[in-house]
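For reference, the structure discussed in these notes is given below.
Numbering (UniProt numbering), first residue to last: 1 to 400.
This is the structure we're talking about:
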């Protein structure tokens, strides 16, 4: 992450939050944090004609997803995955994502390199390898392959309550922000139907119990209503994807204060580009099942009062479609709700009250946009609409 700096931006339109819109004011960042008063020695930037929003948060990112092949992601050289991951993180920062949550992968070494400013990166929260049952979404083996697989860089196969208890404790020992678990089939996995719930209630409760006592939470990969209900009934806080939920499931999510993190970019990118970059036929067929339902799920969730975040979930070369996810979610939710998802909702999910807003005490992370995104929503997803990206008071990308 960038070292802290002091910066004053004058005469800009600054986002005050949903329902309040933008207000014309200066914004002062002192030693990387938004302050009430400017540092006289700070760099001053003319913000005239700019609309300032908090730095974006991607709550479903994968640094180590270097390939469209599950085995390559899991068992390829970790050194390659890590170096490739630094590039994926740096590109995300350049697009305006000043914070990411890596749900399936990442580790303390990558986080330590970021903290040591060895490369430019968003603020980084990782879960370590996601937990999967045998034959679940995190098991990369096809049905006709007889090989052993227990763990990789992004997923680990763990069965049984007590084994899971140890696995969760080990993740927290090594710096995990939260725990990721697979509770339904998925597009990328080869042998599991998308709708059927995974892990037993007993197993899920052990995972949630360990995370809760640690002061953390569990995020679950889940698509169908039955899988989502299975997850939240056993204490899961964050539902990743959720494309196939119905209105009753959305109501239950709101009742239990569960978050939804949509990942529309992934399905759109796999639909348009998957075949040409080698995505297998099984995954292409599964993707078609969930593709058309993602935007509808967001609308059902918002109507029920569910807190909706934002994620990208892009594998391999598809990572450059990250901003497309903003466009797709804006089509479903509108620009104001989209801004809330990218900032304050994802910040609340992560649990950091310095994220997602520009009040005094917030991180000095922001985007200077060339247009009012409430009037021209494309400013949220067009790379050229970023006049500057600022992290901790330091300009990390500016107009040429």
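For each residue, glycine too, the CB sits at the ideal point set by N, CA and C. On a predicted model such as this, the values are computed, not experimentally measured, just so you know.
Under 7 Å Cβ to Cβ from residue 359, same chain only, skipping five residues before and after it: list those, please.
Once the five neighbours on either side are set aside, the close Cβ partners of residue 359 are 34.
Using the DSSP secondary-structure output, state which residues sit across from residue 52 in a beta bridge.
Residue 52 pairs with 14 and 368.
Report the residue from 133, 71, 169 and 318 whose alpha carbon sits nearest the alpha carbon of residue 213.
Comparing Cα positions, the closest option is 169.
One question on the structure: do residue 389 and residue 76 come within less than 8 Å of each other, judged by their Cβ atoms?
Result no, Cβ atoms of residue 389 and residue 76 do not sit closer than 8 Å.
For residue 60, does the count of other Cβ atoms within 10 angstroms reach 16, so buried, or fall short, so exposed?
Buried, by the Cβ-count rule.
Threshold first: 3 residues or longer. Then list the beta strand (DSSP E) segments lying entirely within the segment 75–123, N to C.
Counting whole runs of 3 or more residues, the segment 75–123 contains the beta strand (DSSP E) stretches 97–102.
Determine, using beta carbons only, whether residue 230 and residue 186 come nearer to each other than 8 Å.
Against a cut-off of 8 Å, the Cβ pair of residue 186 and residue 230 comes out as no contact.
Is the segment 6–26 touching the segment 361–375 in the sense that three or more CB pairs, one from each, lie closer than 8 Å?
The segment 361–375 vs the segment 6–26: in contact.
Compute the Euclidean distance between the alpha carbons of residue 117 and residue 92, then round it to the nearest angstrom.
Looking at the two C-alpha atoms, the distance is approximately 16 Å.
Evaluate contact between the segment 244–255 and the segment 298–312, counting only Cβ atoms and requiring at least three cross-stretch pairs below 8 Å.
Touching, per the Cβ criterion.
Name, in chain order, the residues that DSSP records as bridge partners for residue 58.
DSSP lists 100 as partners of residue 58.
What's the C-alpha gap between residue 207 and residue 129?
Going by the C-alpha atoms only, they are around 14 Å apart.
Considering Cα atoms alone, identify which of 277, 73 and 25 is closest to residue 318.
Answer by Cα proximity: 277.
Of the residues 196, 150 and 30, which one's Cα is nearest the Cα of residue 41?
It is 30 whose Cα lies nearest to the Cα of residue 41.
Between residue 349 and residue 305, is the Cβ-Cβ spacing less than 8 Å?
No, the pair does not count as a contact, with Cβ atoms beyond the cut-off.
Determine whether the beta carbon atoms of residue 223 and residue 133 lie at a separation below 8 Å.
No. Outside cutoff.
Specify, as a first and last residue, the run of the beta strand (DSSP E) that residue 240 falls within.
Here the beta strand (DSSP E) through residue 240 covers 238–244.
Take the Cβ of residue 21 as the centre, count every other Cβ of all protein chains shown within 10 Å, and call the residue buried at 16 or more, exposed below.
Classification for residue 21: exposed.
Taking the beta strand (DSSP E) that residue 195 belongs to, which residues open and close that run?
It is not in any beta strand (DSSP E) - residue 195 carries neither H nor E in the DSSP assignment.
Quick one: measure Cβ to Cβ for residue 54 and residue 356, integer angstroms, because I've assumed they're closer than 8 Å.
Between residue 356 and residue 54 the Cβ distance is about 6 Å, and since that is below 8 Å, they are a contact.
On a Cα-Cα basis, can you pick out the residue from 337, 333 and 192 that is closest to residue 282?
When each option's Cα is compared against that of residue 282, the closest is 192.
Find the nearest neighbour of residue 217 within the set 280, 125 and 79, judged by alpha-carbon distance.
Checking every option, the nearest Cα to that of residue 217 belongs to 125.
Mind checking which residues open and close the beta strand (DSSP E) that includes residue 267?
Looking at the DSSP string, residue 267 is not in any beta strand (DSSP E); the run it does join, the alpha helix (DSSP H), is 264–273.
Which parts of the segment 198–233 are runs of the beta strand (DSSP E), unbroken and 3 residues or longer, counting only runs that do not cross its ends?
DSSP runs (the beta strand (DSSP E)) wholly in the segment 198–233: 218–224.
Using the three-state DSSP reduction, which class does residue 319 fall into: helix, strand or coil?
Residue 319: helix per DSSP, three-state reduction.
In this structure, how does DSSP classify residue 156 when only helix, strand and coil are distinguished?
Strand at residue 156.
When the Cα of residue 147 is compared with those of 337, 131 and 71, which residue comes out closest?
For residue 147, the nearest C-alpha among the options comes from 71.
Just reading off the beta strand (DSSP E) that residue 22 is part of, what are its end residues?
Unbroken beta strand (DSSP E) run through residue 22: 22–30.
Across which residues does DSSP place residue 151 in a beta bridge pair?
DSSP, once it has assigned bridges, lists 156 as partnering residue 151.
Starting from the Cα of residue 340, find the closest Cα among 261, 320 and 385 and give me that residue.
Of the listed residues, the one whose Cα sits closest to residue 340 is 261.
Please state the DSSP three-state secondary structure of residue 336.
Three-state result, residue 336: helix.
Taking C-beta to C-beta, are residue 291 and residue 321 nearer than 8 Å?
No, the Cβ-Cβ distance between residue 291 and residue 321 is not below 8 Å.
Where residue 239 and residue 257 are concerned, what is the direct C-alpha to C-alpha distance, given to the nearest angstrom?
About 11 Å.
So residue 393 packs on residue 32, CB below 8 Å; how close in whole Å?
Indeed, because the Cβ distance is near 5 Å, the residues count as touching under 8 Å.
By how many angstroms is the C-alpha of residue 197 removed from the C-alpha of residue 7?
Using only the alpha carbons, I get a separation of about 49 Å.
Once you ignore the five residues that flank residue 315 on each side, which residues in its own chain have a CB closer than 6 Å to its CB?
For residue 315, where only same-chain residues beyond five positions count, the Cβ hits under 6 Å are 65 and 68.
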